[in-house]
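Trainee: Heads up: the sequence shown begins at 0 in numbering that gives the first Met the number 0, then just goes up one per residue. C-beta atoms are modelled at their ideal positions from N, C-alpha and C, and glycine is treated no differently.
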Amino acid sequence: MDPKLPVPQTVRDALESGRAATRALGSATTLALLVILAKEALHTVLVDPTQPARFQQDVFVVDLAATILLAPYWMAMFRRILGFGGSLPEIVAGRSGPFQAFLALELFWLLVGGLLGRALADDGAGFIPMASGLVIWIGILVVQIWTSMLAPALAVGAPDATLRSVVAMTRGSAARLGLILVAAILPPGLLGRILTAPERAGLDLPLPVIALRVVASGLIEMGMLVLVTALLAEIYRRLRAPDPALTRRP
Numbered sequence: 000m001d002p003k004l005p006v007p008q009t010v011r012d013a014l015e016s017g018r019a020a021t022r023a024l025g026s027a028t029t030l031a032l033l034v035i036l037a038k039e040a041l042h043t044v045l046v047d048p049t050q051p052a053r054f055q056q057d058v059f060v061v062d063l064a065a066t067i068l069l070a071p072y073w074m075a076m077f078r079r080i081l082g083f084g085g086s087l088p089e090i091v092a093g094r095s096g097p098f099q100a101f102l103a104l105e106l107f108w109l110l111v112g113g114l115l116g117r118a119l120a121d122d123g124a125g126f127i128p129m130a131s132g133l134v135i136w137i138g139i140l141v142v143q144i145w146t147s148m149l150a151p152a153l154a155v156g157a158p159d160a161t162l163r164s165v166v167a168m169t170r171g172s173a174a175r176l177g178l179i180l181v182a183a184i185l186p187p188g189l190l191g192r193i194l195t196a197p198e199r200a201g202l203d204l205p206l207p208v209i210a211l212r213v214v215a216s217g218l219i220e221m222g223m224l225v226l227v228t229a230l231l232a233e234i235y236r237r238l239r240a241p242d243p244a245l246t247r248r249p
């Protein structure tokens with residue numbers, strides 16, 4: 000595994016730069032959190048425990064809208080951490096990197112996840128569908144790891160924002176890259192699933208409990224957004240050839 004990605008140091012530097020970026024973006028961070036909280040609240044209202052947990056059309060539409068609304072903030076986070084400027088209006092207008100390409104990448108992965116969920120939901124329960132779903136999910140995860148450097152590269156408008164370039168960039172480091180991302184995402188992801196389990200079981204919960212669950216789920220998702228962005232930016236900085244522009248901005 001490539002020594003350019005020492006796990007403890009990479010995670011530590013990502014946490015520091017992620018915290019600094021959220022503070023620097025100020026009101027944009029607050030707006031992003033509000034979007035996430037609204038999405039979690041709508042999930043709570045729209046979820047139907049009688050339907051397969053993997054896919055519901057109305058929930059997918061909510062996720063689609065949230066992805067579009069959060070994309071400028073996510074791109075701004077990448078640019079801030081990697082030492083590039085650009086406000087959210089400048090990003091949306093395309094004056095700070097190729098926002099349309101960045102958004103297309105996020106929508107692509109959302110669509111892939113939605114199609115996978117729909118296919119698994121149509122298959123019904125049973126060992127074979129579950130096993131095949133797990134294999135497909137692992138395959139998609141591997142592809143996402145291999146192509147994960149596309150997001151920061153597109154965010155800063157780098158010339159290496161191509162599939163061939165990012166695959167070459169991660170060659171020899173994919174195992175460690177995957178270890179860093181999975182280890183960071185898995186614990187809060189499981190916690191988020193635990194919080195939604197009573198809902199999926201169709202249990203009637205008191206309104207204060209539901210409100211606390213929405214807030215807790217939203218905070219977890221916001222934390223994951225910041226953490227994943229900071230990790231991808233830090234990994235991109237370490238794997239890419241030295242570039243004076245890729246300096247951490249305090």
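1. How many angstroms separate the CA atom of R94 from the CA atom of G85?
2. Short of 6 Å in beta carbon distance, which residues of its chain neighbour A162, apart from the five on each side in sequence? Order them along the chain.
3. Would DSSP call G222 helix, strand or coil?
4. If you draw a straight line from the alpha carbon of F126 to that of G112, how long is it in whole angstroms?
5. So is K3 buried or exposed if we call it buried at 16+ other beta carbons inside 10 Å?
6. Return helix, strand or coil for V6, following the three-state DSSP convention.
7. Among V225, I234, R239, which has the Cα closest to the Cα of M74?
8. Flag this pair as yes or no: are the beta carbons of R78 and L24 separated by less than 8 Å?
9. Taking the C-alpha atoms as reference points, what is the distance between G156 and G96?
10. Is I35 near G171, with beta carbons less than 8 Å apart?
11. Within the 8 Å Cβ cut-off, does A183 reach chain B?
12. Taking Q56 as part of the alpha helix (DSSP H), name the residues at either end of that continuous run.
13. At what residues does the alpha helix (DSSP H) containing S95 begin and finish?
14. State the Cα-Cα distance for the pair Q8 and A64, rounded to the nearest angstrom.
15. DSSP three-state label for A13, please.
Mentor: Taking the definition as stated:
1. For the purposes of this step, residue 94 is taken as residue 95 along the sequence shown, with counting starting at 1. For the purposes of this step, residue 85 is taken as residue 86 along the sequence shown, with counting starting at 1. Roughly 8 Å between the two C-alpha positions.
2. Here residue 162 corresponds to residue number 163 of the sequence shown, with the count starting at 1. First, the residue type needs correcting, since residue 162 is Leu and not Ala in the sequence shown. Excluding sequence neighbours, L162 sits near nothing in its chain.
3. Numbered from 1 along the sequence shown, position 223 holds the residue referred to as residue 222. Correct three-state label for G222: helix.
4. Counted from its first residue, the sequence shown places residue 126 at position 127. Counted from its first residue, the sequence shown places residue 112 at position 113. Reliability of the predicted coordinates at F126 is poor, the pLDDT of 48 falling under 50, and the value obtained from them is presented with this limitation in mind. When rounded, the distance between both Cα atoms is 20 Å.
5. Locating residue 3 in the sequence shown gives position 4, counting from the first residue. With fewer than 16 other Cβ atoms within 10 Å, it is exposed.
6. Mapped onto the sequence shown, residue 6 falls at position 7. Correct three-state label for V6: helix.
7. Taking the first residue of the sequence shown as position 1, residue 74 is located at position 75. Nearest of V225, I234, R239 to M74, Cα basis: V225.
8. Here residue 78 is taken as the residue at index 79 of the sequence shown, counted from 1. Here residue 24 is taken as the residue at index 25 of the sequence shown, counted from 1. Cβ atoms of R78 and L24: not closer than 8 Å.
9. Numbered from its first residue, the sequence shown carries residue 156 at position 157. Numbered from its first residue, the sequence shown carries residue 96 at position 97. Near 5 Å, if we compare the C-alpha coordinates of G96 and G156.
10. Looking up residue 35 in the sequence shown gives position 36. Looking up residue 171 in the sequence shown gives position 172. Contact flag unset, no.
11. The structure shown contains no chain B; it is built from a single protein chain.
12. As a working note, residue 56 is residue 57 in the sequence shown. Residues 56–80.
13. Sequence index remark: in the sequence shown, residue 95 carries index 96 (1-based). Taken as a continuous stretch (DSSP letters only), S95 belongs to no alpha helix (DSSP H), as it is neither H nor E.
14. Taking the first residue of the sequence shown as position 1, residue 8 is located at position 9. Taking the first residue of the sequence shown as position 1, residue 64 is located at position 65. Whole-angstrom Cα-Cα distance: 35 Å.
15. Locating residue 13 in the sequence shown gives position 14, counting from the first residue. Residue state, collapsed to three classes: helix.
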